[in-house]
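Sequential numbering of the sequence shown, starting at 60, is according to the working numbering.
Glycine included, each C-beta is placed from N, C-alpha and C at the ideal position.
Bear in mind that the values here come from a model prediction, so they are computed numbers and not experimental data.
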Amino acid sequence: MTAEPPDRSRRPPSEGYVRLKRLWEVHRKNAFPAADTADPRLQEVALYESWLGSIVEAALGKGGRLTTSHATMLEARRAESSQTLWSAAAELGEPVRSYVARLMTIEDLLGTLPRDR
């Protein structure tokens, strides 16, 4: 499901909204990079994707804006760093590494979106 920007006096969607929507649509067309998800490293990637996806869908539903709670969650996530995720991606190799890199690009883009007032 990809949300359309809300009608805000017919303003064109923001550049951040357009970029996020395009990148998310490309990402969603790619299958998860492993069939066997019993590996805890793959579970870490799947958990991160699920968490990030919920924020992306909410931001798209708000026309490319982050709620205060989502912005706070992203800030906390960045403070924790992504060492576990990068380690898992490095150990698992391609295509997991590229998959995680794309997710982190999406996270970076989310961090540039305006916040709700």
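What does a CB cutoff of less than 8 Å around residue i pick up in its chain, not counting 5 residues either side in sequence?
i      : result
Leu82  : Arg161, Thr164, Ile165, Leu168
Asp208 : Here the chain covers residues 60 to 176 and nothing more, so residue 208 does not appear.
Arg78  : Leu168
Whose C-beta lies closer than 7 Å to the C-beta of residue i among residues of the same chain, with five residues either side of it excluded?
i     : result
Pro92 : Pro154, Val155, Tyr158
Tell me the residue span of the alpha helix (DSSP H) that contains residue i.
i      : result
Thr143 : 142-151
Thr127 : 127-139
Ser113 : 99-120
Ala160 : 155-169
If residue i and residue j are in contact, beta carbons under 8 Å, what's the gap, nearest whole angstrom?
i      : j      : result
Leu172 : Leu125 : 5 Å
Thr143 : Glu84  : At roughly 27 Å, the Cβ-Cβ gap does not stay under 8 Å, so Thr143 and Glu84 are not in contact.
Gly170 : Leu133 : 6 Å
Looking at the strands, I want to know which residues DSSP matches up with residue i.
i      : result
Arg174 : Leu125
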